[in-house]
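Novice:
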Amino acid sequence: MDNTHIKLIDVSKTFDANTAKQVRAVKNVSLSVNRGEIYGIIGFSGAGKSTLVRLINLLERPSSGQVLINGEDLTLLPKKELLKRRKRIGMIFQHFNLMQSRTVEGNITFPLRGQKLSKTEIANRIDSLLKLVGLEDKRDSYPSQLSGGQKQRVGIARALANDPDIILCDEATSALDPQTTGDILSLLKQLNRELNITIVLITHQMSVVKEMCDRVAVMDDGVIIEEDSLYNIFSNSKHEITRKFIDTASNIRAAIELLKTNPSLLGVKKGDIVARIDFNEKSTKEAVISQLSRKHGINISIIFGNVETVGGLPLGTLLVAFKGDEDPVKNAIEDIKSSDIHLEVLDSAGIY
Amino acid sequence: MQAFIEQNLPNVFRTQAELIKSIWQTLEMTTISGLISAGFGIFFGVLLTVCKPEGISPNKLVYQLLDKLINVFRSIPFVILISLLMPLTRLITGTAIGTKGAIFPLIVGTVPFFSRQVNAALEEVDFGTVEAAQSMGFTTPQIIWSVYLREGLAGIVRGSTITIVNLISLTAMAGTVGGGGLGDYALRYGFQRRMYDATLVTVVILLLLVTVIQSLGNAVTRRLNHI
Numbered sequence: 000m001d002n003t004h005i006k007l008i009d010v011s012k013t014f015d016a017n018t019a020k021q022v023r024a025v026k027n028v029s030l031s032v033n034r035g036e037i038y039g040i041i042g043f044s045g046a047g048k049s050t051l052v053r054l055i056n057l058l059e060r061p062s063s064g065q066v067l068i069n070g071e072d073l074t075l076l077p078k079k080e081l082l083k084r085r086k087r088i089g090m091i092f093q094h095f096n097l098m099q100s101r102t103v104e105g106n107i108t109f110p111l112r113g114q115k116l117s118k119t120e121i122a123n124r125i126d127s128l129l130k131l132v133g134l135e136d137k138r139d140s141y142p143s144q145l146s147g148g149q150k151q152r153v154g155i156a157r158a159l160a161n162d163p164d165i166i167l168c169d170e171a172t173s174a175l176d177p178q179t180t181g182d183i184l185s186l187l188k189q190l191n192r193e194l195n196i197t198i199v200l201i202t203h204q205m206s207v208v209k210e211m212c213d214r215v216a217v218m219d220d221g222v223i224i225e226e227d228s229l230y231n232i233f234s235n236s237k238h239e240i241t242r243k244f245i246d247t248a249s250n251i252r253a254a255i256e257l258l259k260t261n262p263s264l265l266g267v268k269k270g271d272i273v274a275r276i277d278f279n280e281k282s283t284k285e286a287v288i289s290q291l292s293r294k295h296g297i298n299i300s301i302i303f304g305n306v307e308t309v310g311g312l313p314l315g316t317l318l319v320a321f322k323g324d325e326d327p328v329k330n331a332i333e334d335i336k337s338s339d340i341h342l343e344v345l346d347s348a349g350i351y
Numbered sequence: 000m001q002a003f004i005e006q007n008l009p010n011v012f013r014t015q016a017e018l019i020k021s022i023w024q025t026l027e028m029t030t031i032s033g034l035i036s037a038g039f040g041i042f043f044g045v046l047l048t049v050c051k052p053e054g055i056s057p058n059k060l061v062y063q064l065l066d067k068l069i070n071v072f073r074s075i076p077f078v079i080l081i082s083l084l085m086p087l088t089r090l091i092t093g094t095a096i097g098t099k100g101a102i103f104p105l106i107v108g109t110v111p112f113f114s115r116q117v118n119a120a121l122e123e124v125d126f127g128t129v130e131a132a133q134s135m136g137f138t139t140p141q142i143i144w145s146v147y148l149r150e151g152l153a154g155i156v157r158g159s160t161i162t163i164v165n166l167i168s169l170t171a172m173a174g175t176v177g178g179g180g181l182g183d184y185a186l187r188y189g190f191q192r193r194m195y196d197a198t199l200v201t202v203v204i205l206l207l208l209v210t211v212i213q214s215l216g217n218a219v220t221r222r223l224n225h226i
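Going down the list, the sequences are from chains A and B.
In terms of numbering that gives the first Met the number 0, the first sequence opens at residue 0 and continues consecutively.
In terms of numbering that gives the first Met the number 0, the second sequence opens at residue 0 and continues consecutively.
#1: Tell me the residue span of the beta strand (DSSP E) that contains B/G180.
#2: Check A/E371 in the structure and name its three-state DSSP category.
#3: Between the C-alpha atoms of A/G113 and B/M135, what's the straight-line distance to the nearest angstrom?
#4: Which runs of the alpha helix (DSSP H) spanning at least 4 residues fall entirely within the segment 123-160 of chain B, listed in chain order?
#5: Report all residues from its chain with a CB closer than 7 angstroms to the CB of B/R73; omit the five preceding and five following residues, and keep chain order.
#6: From the beta carbon of A/A348, is the nearest beta carbon of chain B less than 8 angstroms away?
#7: When the Cβ atoms of the segment 257-272 of chain A are set against those of the segment 205-218 of chain A, are three or more pairs found closer than 8 angstroms?
#8: Tell me where the alpha helix (DSSP H) around A/Q99 begins and ends.
#9: Pull up the DSSP beta-bridge partners for A/R214, would you.
#10: Is the CB of B/L121 under 8 angstroms away from at least one CB in chain A?
#11: For A/Y351, which of helix, strand or coil comes out of DSSP?
#12: Note down, in chain order, each residue of its chain lying with its Cβ closer than 6 angstroms to the Cβ of A/S228, except the 5 sequence neighbours on either side.
#13: Just the chain B side, please: which residues come within less than 8 angstroms of A/L82 by C-beta, in chain order?
#14: Please report the distance separating the alpha-carbon of A/I37 from that of A/L265.
#15: Which two residues bound the contiguous beta strand (DSSP E) that contains A/L167?
#16: Who pairs with A/M90 in a beta bridge, going by DSSP?
#17: Answer with yes or no whether the minimum CB distance from B/Q133 to chain A is below 8 angstroms.
#18: Using the Cα positions of A/G304 and A/E343, report the straight-line distance between them to the nearest angstrom.
#19: Below 9 angstroms on C-beta distance, what does A/L58 contact in chain B?
#20: Can you name the start and end residues of the alpha helix (DSSP H) that A/N279 belongs to?
#21: Would you decide whether B/L206 is buried or exposed? Buried here means 16 or more other CB atoms lie within 10 Å of its CB.
#22: In three-state terms, what does DSSP make of A/N330?
#23: Does the distance from the C-beta atom of A/V207 to that of A/L167 stay below 8 angstroms?
#24: Report the neighbours of B/V146 on chain A: residues whose CB is nearer than 8 angstroms to its CB, in chain order.
#25: In terms of residues, what are the limits of the alpha helix (DSSP H) holding A/N123?
#26: Below 8 angstroms on the Cβ atoms is my guess for A/V32 versus A/H4; work out the distance and round it to an integer in Å.
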């Protein structure tokens, strides 16, 4: 059976087409999301990811291309049918978008309006939803009386009201503090696991992607520049922008910054060659540095090191300084480059 | 009390039957034209909000037409509007004078103002909640009714308060076409016959009326805001 849940085929969206201020927000994007998967789309603001996620439930109608949900092209459906399909796609938002004039209960039951459900059915539904998101005691509160995290929980409960099999998250944790972000992400993960809901999330926070996603697409200027499993993106990314995002989720940026401003603090001297080495699953298990040091008769000092697990697999980053004569150092670097370890010389001139 | 009025406000005392009738006429004009204007104002205010280019149901023709018409009518001073509308008023109500003849121009003078007030209140509604409702598969009429009007209710009440106060001052001007009401009373007795106490009492009554409406409006707005 085909496991594809959401499929975008060559989708583009142009705002103000044929005018001077025409904006091509999404350009020829194709992607597919499997059933039960958590799929992340990461990009800087203005990359077009907000538009892209709205193309999935046709809040934005694509200028061209197809949007398939369960193999059915939403762009071809009459309005009435489209509205029906939308009920099965929950959406949560960065700023929660709750109605101030309704209580928590009113907000959560809002999507059920006009569906001829009996009072007991609605009451049962709200009871289980409140319990699921842990807000049983906030039933009659107004949104203005809730914290950010609680508001997002209401948002999630509301998105679940119609029993969706897809949830779209539009920067769902960007307005929350790190602790609350963690709580909300665990809740989403739980929904994904227990209810087998497919989740598409867009974010500019690599930490969110790292914690949540099975697969990741990196978006820039309306185009998906890279798409892969979470681990491959982290261990073997091909684009500069992707690397920038990955660095935001680790401490390496701070180490590089320190290296630039105060190299002597890290024991780096003039003439040393500083390089960044990224290890993947296989190479983290080998004693690469000491082998290299012995083989070429040079010293390699480790300035910064980080090993973490991404998607359950180990991933390491080292900042090292090669100390020794020019030729053996060059050979050592060539040696690494010819293996499957990623090495990038940060400063070959040796001047910091 | 009666002796006090007779002593200090002799003209008011003598014309008290007229004064009471005027109060009722003012209330009558305000209520009838207010209710009718409310209906049209909400309708046009909603149209302005949803039909604008970035709205949920863009319609350039409706938006442009409505926008321009409102601007035109708002720029005509009410006294002039009354005489401008006279033939039309006569056609619709059968008479262009009296309280009955004042109601049509009052509506025409109020609807553009209130439409703008409603429009402003609905623009205040967080578009995110509208978008959320769209993502839930609601239709445009459903969104107008259960998101825009519901979420914008406090703002609409605030706008209504301003409009009613404004409408009361328009009814005073309607006195110039013999529309009756407090404005007419103050004009005929206070101004033309130099009965200063009549003017004074009219002012006090209007002040009370406006205060009551304003406080009522504020109280309702506060209740609706939940903040």
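Note that beta-carbon positions come from the ideal geometry of N, C-alpha and C, so glycine has one too.
If you're wondering where the values come from, they're calculated on a predicted model, not measured in any experiment.
Specialist: Straight from the coordinates:
#1: Translated into positions along the second sequence, residue 180 of chain B becomes position 181. B/G180 -> not in any beta strand (DSSP E); alpha helix (DSSP H) instead, spanning G180 to Y184.
#2: Because chain A in this structure spans residues 0 to 351, residue 371 of chain A falls outside the shown range and cannot be described.
#3: Reading the first sequence from its first residue, position 114 is the one you call residue 113 of chain A. Reading the second sequence from its first residue, position 136 is the one you call residue 135 of chain B. Approximately 12 angstroms between the Cα atoms of the pair.
#4: 126-134 and 139-142
#5: Working through the second sequence from its first residue, we reach residue 73 of chain B at position 74. Here the set comprises P111 and F112.
#6: Stepping through the first sequence from its first residue, residue 348 of chain A is reached at position 349. Bear in mind that the predicted position of A/A348 carries a pLDDT of just 44, short of 50, making it unreliable; the figure below should be weighed with that in mind. No, no contact with chain B.
#7: no
#8: Residue mapping note: residue 99 of chain A aligns to position 100 of the first sequence, counting from 1. Unbroken run through A/Q99: none, as it is neither H nor E.
#9: Mapped onto the first sequence, residue 214 of chain A falls at position 215. DSSP lists A/Y38 and A/S228 as partners of A/R214.
#10: As a first step, residue 121 of chain B must be located in the second sequence, where it is residue number 122. No - not a single Cβ of chain A is within 8 angstroms of the one on B/L121.
#11: By one-based count along the first sequence, residue 351 of chain A stands at place 352. At A/Y351 the pLDDT is 41, less than 50, meaning the model places this residue with poor confidence; the figure from the coordinates comes in the next sentence. In this structure, A/Y351 counts as coil in the three-state DSSP scheme.
#12: If you number the first sequence from 1, residue 228 of chain A lands on position 229. So the qualifying residues of the chain are R214.
#13: Taking the first residue of the first sequence as 1, we reach residue 82 of chain A at position 83. Going along chain B in sequence order, the residues near A/L82 (Cβ under 8 angstroms) are G136, F137 and T138.
#14: Start at 1 with the first residue of the first sequence, and residue 37 of chain A comes out as number 38. Start at 1 with the first residue of the first sequence, and residue 265 of chain A comes out as number 266. Going from the Cα of A/I37 to the Cα of A/L265 covers about 40 angstroms.
#15: Position 168 of the first sequence, counted from the start, is the residue given in the question as residue 167 of chain A. First-last of the beta strand (DSSP E) with A/L167: I165 to D169.
#16: Here residue 90 of chain A corresponds to residue number 91 of the first sequence, with the count starting at 1. In DSSP, A/M90 forms a bridge with A/L167.
#17: Locating residue 133 of chain B in the second sequence gives position 134, counting from the first residue. Chain A contact via Cβ: present.
#18: The residue labelled residue 304 of chain A in the question sits at position 305 within the first sequence. The residue labelled residue 343 of chain A in the question sits at position 344 within the first sequence. Spanning the two alpha carbons is a distance of roughly 15 angstroms.
#19: Sequence index remark: in the first sequence, residue 58 of chain A carries index 59 (1-based). Per Cβ cutoff of 9 angstroms: E130, Q133 and S134.
#20: Position 280 of the first sequence, counting from 1, holds the residue named residue 279 of chain A. Taken as a continuous stretch (DSSP letters only), A/N279 belongs to no alpha helix (DSSP H), as it is neither H nor E.
#21: Here the question's residue 206 of chain B lines up with position 207 in the second sequence. The residue is exposed, with fewer than 16 neighbouring Cβ atoms inside 10 Å.
#22: One-based indexing of the first sequence puts residue 330 of chain A at position 331. In the structure shown, A/N330 sits in a helix (DSSP, three-state: H, G or I).
#23: Locating residue 207 of chain A in the first sequence gives position 208, counting from the first residue. Locating residue 167 of chain A in the first sequence gives position 168, counting from the first residue. It is not a contact, given that the beta carbons lie outside the stated cut-off.
#24: Reading the second sequence from its first residue, position 147 is the one you call residue 146 of chain B. Within chain A, the residues near B/V146 are M98.
#25: Within the first sequence, numbered from 1, the residue matching residue 123 of chain A stands at position 124. Segment K118 to V132, the alpha helix (DSSP H) holding A/N123.
#26: Taking the first sequence and counting its residues from 1, one reaches residue 32 of chain A at position 33. Taking the first sequence and counting its residues from 1, one reaches residue 4 of chain A at position 5. Yes, they are in contact, since the Cβ atoms of A/V32 and A/H4 sit about 5 angstroms apart, within 8 angstroms.
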